[in-house]
Structures are given as structure tokens and as C-alpha cells.
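Number of protein chains: 2
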Amino acid sequence: MNQEIIRIGHGSGGRLSRELIHQVFLKHFSNPVLNQLGDAAWLDPQNLPLAFTTDSYVIDPVFFPGGDIGQLAVSGTVNDLCVAGAQPVWMSAGFIIEEGFLISDLEEIAISMARESVRAGISIVAGDTKVVKRGQCDKIFINTSGIGILPKSRLHLKEGGDVHPGDKIIVTGTLGNHSIAVLSAREGLHLEENITSDAMPLNSLTEKILEIPDEIRFMRDITRGGLATILVETCENKSFGIQIHENKIPVNRSVRSVCELYGFDPVYLANEGKIMLVVRQGSEEQVLSRIKTHEYGKDAAIIGEITDTNPGKAVIISSIGGRRMIDMLSGEMLPRIC
Amino acid sequence: MNQEIIRIGHGSGGRLSRELIHQVFLKHFSNPVLNQLGDAAWLDPQNLPLAFTTDSYVIDPVFFPGGDIGQLAVSGTVNDLCVAGAQPVWMSAGFIIEEGFLISDLEEIAISMARESVRAGISIVAGDTKVVKRGQCDKIFINTSGIGILPKSRLHLKEGGDVHPGDKIIVTGTLGNHSIAVLSAREGLHLEENITSDAMPLNSLTEKILEIPDEIRFMRDITRGGLATILVETCENKSFGIQIHENKIPVNRSVRSVCELYGFDPVYLANEGKIMLVVRQGSEEQVLSRIKTHEYGKDAAIIGEITDTNPGKAVIISSIGGRRMIDMLSGEMLPRIC
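Protein chains in written order, with numbering that gives the first Met the number 0: chain Y, 0 to 337; chain P, 0 to 337.
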């Protein structure tokens, strides 16, 4: 279907819609639940608690170093489920496409989604396609909603984090790679070190971590708003504080250079394949070495701890000992990063 | 928040995002599951089979006679679940908003969603907001995904329709009202009879119908592609055919006039509050009178039947006895109708 383009009729619900569904989506996403093509898909949760999440993806450009909007959409949804402790099982995919978009590009995106969903063990079981006229959206937007099931051994994760002073804070890898990869593609930057997006389904990593579930207070994926936003949300209005050691935060050299050039702080950059964990004091080395054996966790580091001082505040300690309070991102540094 | 507008920072994941979530979405959607604001929402399906569906809404204009995009999004998702026989329980809402959109308009949309979700008994438990620059989307797009549970008495509906020649075809009301209401708003038409959208959650109607579940072969909501598309899908590659009596199809006079003016056929028009049912032969009058007692079913009619002639084909018989085959919509008559 090279050079064939999306036409308004592909969103009509009629003949062209059906052709597109068969020629692109069913071709790559085929599974028994989806293939029924009913108004709704049927699932069997086997009496386990479910996790449910949704995200829309509006990233620009659609194809970027290390991934594309399809890979990102599957990863993002899988990661929202697995950091909650759930095993991702089913997902939906809703496409809003600009008239004139290349069907070959759509198929490349569908192939990425199929590959990542197989990698993560999640089935795409429901979908929708809308087409709008040229200029009414920018190329393609994708919404994915996901459902995961929570194994009985992890029921305590459902209650949220029971955090104590002394607990340690771990990040599973370098911060900012996704944001800087997208920025470099958008702005045509030439970096000395090749930076690619970290967009990746992380459920194999969280499964490894959750083999010792009782050591884990909670996990969050570090997306829009960056590490800073999660740190603020973790301690805001709580009886404990957080301190982070700036020189322990893993950041690639190229990412750091671009941050200096643009005035970005890596703690505010969005990631699509990085997790922040709070772990029980004393178990941090055990959890860290577990994470480091996984290919997506080799740059993991213990970066700070929960404190009984500065309740409600997250503080960052610089390499020369300066202390500054971390606030949430106000405004937006990089629109359409996911 | 009158005249406040959406800014790029409202999609940042940081401070402004959080303010928007609290000031608009939590204010109107508040429920114990959503209020946790985790990466994923926790659900308890109580060991019942689940139905799962997704749809994106790109309707233009956002506010139209009889509804708005928010009412439409909740109705559409509820209806996809309830025609499958499921009771809608949980849904997500993903917003893609153009920079500069009025926050007062967003709030009006949120209020509609809250009202319709209460009416339908479904909780909005997960959400996402993205903001794109001016010109990168047209005002606002909403994706909703929904989850429903299937009561044990209706397990046979999960298998799809076991249809037999002689079974009757019912529609629950007049066709085309939604499409013509949106068209009239878009084009500034002045109609002799005021036509409003039929967008409405129909689960109270399907619950009434499903009090006698064994009489119902299956149900479909008549959305994009219209009645024609559903009829074709019902009999395509099957050993039975369908015949429909044109003069029995309920259509408002104004809708009919606009159709004549624009060259539309009402069987291709999208509806957002109408269902097609196939019912067991002999039970059609009982089902029809049940539907007619409901406020959303007062114009219901038996419009045709399953035949053992013309296998695989849907045929429409005109008021003067002419027969023509129904095909799916090819191309698109009315873009952005939902």
C-alpha cells in the first residue's frame, strides 16, 4: 500500500474503514478477542483486581531516534500498569489521523505497536479510527487505554506507598534520553554521542523487581513533569521529606550538554522507559543489583532517601553541598514530547 | 475561570496540569477510584466477564443542538457496552486540547460528561490531558474507553447473534437525527421542525429490553456507517439474507427534507441514541411494546426480517415494491459527525 494515503472515507465507518482495519490493524494486531470486531471486546479477569489506565500520544515528530508514536503508546500504557504492580493484559488503540497521512507510515506505526505489545505480552483488543481533514490535526494522535491484573501476592501495592523515613529512592537509569532524542530530531541537533529514546515496555523489569514485593514501597514511571514532579507528589502534605543527591542522578553526557545549552534541568525532563522506586531501608542494595541485571536497568542508581526533616518538601543537594527545594514544573519546556 | 484559556503548560504534567485536573476534572468527575490519581485506577470486577471498548470523538462543532462532545463521548462508550449486553461500570477520558481553548467551554464539556455518567451509572476513573499548539488540532478531541460487566443471565449474548430466518429486525427510534442536528449547526440550516441530536446513554433502555434476554439475538448501536453498514455486516458471508421495508423505517419529516436536499439516504446516517435489534420470531411485538414504554424508544418500529432467500445480502423494499441491495457506505458523507 506504498504511497496510498488516508482519505476522509477511512473514518466513515463504512467500506473504506473496514478495508483499513483489515489491511493495517487486524493484519498486525490479530488476536482472538480483537478479531471478533464487536462493539465491545470480551475479557476474563479471573476474579483478580484490575488496573486501568489511559493516555493520548501527540508526539512530534511521529518517528524519532529510537522509536515512533506507536512504540511510545504501547510502552506508555504498559508502564502505567506495571509500575502499579499490575501485569498488563489487554489494551485499546484509538487513532485520530489527518487526511493525507501515508498509509505506509500508519502501517509502520502499527508494526511497532504489534512488536511492543508482543514483547510486553499485552493484547490489543479494541480499537477506533477517526479521520479529520488536512490541518485539523497534526499527522496522527493515538490514545491507548490498558487493563492489567494484580497477582494476589502484590495486593499491598494497591494501597499506595507506605513510606518511612530512611527508605531509599532508586531510579532505574539515565534521565532525559527520551526528551533529548525527540528534541534533537525536531531541531536537527547534532550530538557528539547518539541519544535515542528510552521508550520501552518495562514490565519485564518490574516483574523482576516484584519477585521481592515486600521490599518495594511503590513505583512510578518518570514521564511528563519528570522526576521533580514525582518527588513533589510523593512528599506533598506528608509528615516526611525527600532529599536527592544531584551527583548521583544518572544523566548521559550528551543529555547534560543539551540541557546546559537550552537551560533545561534533567529532573524536569520526560522519560518513557525509566522508573522511580521507593524501597525499604536496608534492601536498597539488593533491589539495585536486581535492577542492574536487567538490560533496561544497567544504569540504575540510589539517588536519595526519605527524611524525617523538611516534612512535605523535596530537596536536592548539589555536588558542592548546596541545597535547593524542588518545585513542580510550571509551564512547559518541551511541548508534544509524548 | 471564565475567559481563562488552555495554555501549553496545562499539558506539561506539572503544576498547571495538576491545577486543571483539580479545578475542572476532579471537581466534576470526583469518585473514590479516580480521586487516588495513580498511574492506573483499581477496579474490582467480582469474577464477571468484562466488555471493553474505545472511541475517539472529533465532532465539529463541539456544541451542537441537543448536546456537546462530552455528552456524546459518554453516551457513545456507554452504548457500545450496553448493546453488547454489559452493564457499564468504569470509563476513562483522554483529552487532546488546542492551546487557546476556553477553560469555561472545557468545564461545560466536563459538566456534560459528569451528568451523563451519573445518568448511566458509570464512573470516570482514569484520565489524561494533552495540549497541542494552535492549529495542531481543531479545538478538542476526546477519547473514552469503557469497561462493563456481563450479568450471568446474559452469557449467551457474549457469543454473538445466533440468528434464524424469520427473526425480526427492530430499530428503537427515528434515524438520522444526530447527523442532521450536527449538519444544521455546521451549515446554519433553518429547519421547519427543530431537530436535536439523539446522543444519550441507552443502558436504561437495554436493561429494560434485557429483562427478557432469551428473546434477543443481538443488538448494535447505529453509529457511523448507519443502519446500512450494520445490516450488511449482519448477513455478509452468512447463509441468510435480510429484507427491510423502507416505509417502516422511522424518520422525522425534517430529517427527510434535509436528506432530499443533500442527497443523503437516512440508512447511512450516524445516530448516537438508536439501536438495531434482531429478535426471535414471534416475540417481536412483546419486545417492541417493551421498548415503546421507554422514553428513548417511543418511535421504535419493526422494520424487517431475516430471510432464507438472498443469502449474504441485505435488500430494501421501497414503498412501491421496488427492491434494491444495500451496500456499505463508500466514502464519507459527513466527516466529523462523532
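C-beta: ideal position from N, C-alpha, C; glycine also.
query	result
Given Y/L19 as reference, the closest of Y/L80, Y/F94, Y/I305 once Cα atoms are compared	Y/F94
Within-8 Å CB hit, P/P44 to chain Y	yes
Segment contact, 8 Å Cβ cut-off, at least three pairs: the region 147-164 of chain Y with the region 207-225 of chain Y	yes
Chain P within 8 Å of Y/P334, Cβ atoms only	yes
Per-residue DSSP class, three states only, for P/V93	Going by the sequence as given, residue 93 of chain P is Gly instead of Val. DSSP places P/G93 in strand when its eight states are reduced to three.
Strand pairing of Y/E304, partner residues [DSSP]	Y/K167, Y/Q242
Three or more C-beta pairs below 8 Å linking the region 102-113 of chain Y and the region 146-159 of chain Y	no
Helix, strand or coil at P/P265 according to DSSP, with G and I counted as helix	helix
Y/D38 versus Y/A227 - alpha carbon distance	41 Å
Cβ-Cβ separation, P/G311 to P/G240 (assumed contact under 8 Å), whole Å	7 Å
7 Å CB neighbourhood of P/R118 in its chain, flanking five on each side removed	P200
DSSP bridge partner residues for P/K129 (one or two, in chain order)	P/I95
Span of the alpha helix (DSSP H), counted from its first residue to its last, around Y/A184	176-186
Below-8 Å beta-carbon distance, Y/T228 vs any chain P residue	yes
Which listed residue (Y/G10, Y/I229, Y/N30, Y/T222) has its alpha carbon closest to that of Y/A198	Y/T222
CB of P/T53 within 8 Å of CB of Y/S238, strictly	no
is_contact[P/K157, chain Y] using C-beta, thresh 8 Å	yes
Endpoints, alpha helix (DSSP H) assigned at Y/G225	225-234
Residue range of the unbroken beta strand (DSSP E) whose run includes Y/T52	49-56
Cβ-Cβ separation, Y/D220 to Y/D79 (assumed contact under 8 Å), whole Å	7 Å
Meets three-Cβ-pair contact criterion under 8 Å: the region 241-252 of chain Y and the region 12-31 of chain P	no
Y/K291 versus P/R17 - alpha carbon distance	33 Å
Per-residue contacts from P/L328 into chain Y (C-beta, under 9 Å)	G8, S11, G12, G13, R14, L15, S16
Residue nearest to P/L71 in terms of C-alpha spacing, selected from P/G272, P/G175, P/A300	P/G272
Partners in chain P for Y/P48, counting only beta-carbon separations shorter than 8 Å	W41, L42, D43
Contacting residues, own chain, Cβ-Cβ under 6 Å from Y/F51 (five flanking each side not counted)	I146
DSSP three-state assignment for Y/Q285, whether helix, strand or coil	helix
Listed by chain order, chain P residues near Y/C136 by CB distance under 9 Å	V57, I95, V131, Q135, C136, D137, F140
For P/M0, three-class secondary structure by DSSP	Caution is warranted here: a pLDDT of 44 is assigned to P/M0, below 50, making its placement in the model unreliable, and the coordinate value is therefore given only provisionally. Coil.
Contact belief for Y/L276 with Y/V286 at Cβ below 8 Å, rounded distance in angstroms	7 Å
Per DSSP, cross-strand counterpart(s) of Y/G66	Y/F63
Chain-ordered neighbours of P/A353 on chain Y, where CB pairs are closer than 7 Å	Summary: the structure shown does not reach residue 353 of chain P, with chain P confined to residues 0 through 337, and so no result is reported for it.
Contact set between P/G66 and chain Y, taken where Cβ atoms lie within less than 7 Å	Result: empty, since nearest Cβ-Cβ is about 18 Å, beyond 7 Å.
Where the alpha helix (DSSP H) containing Y/I110 begins and where it ends	102-119
Start and end residues, alpha helix (DSSP H) containing P/R14	14-19
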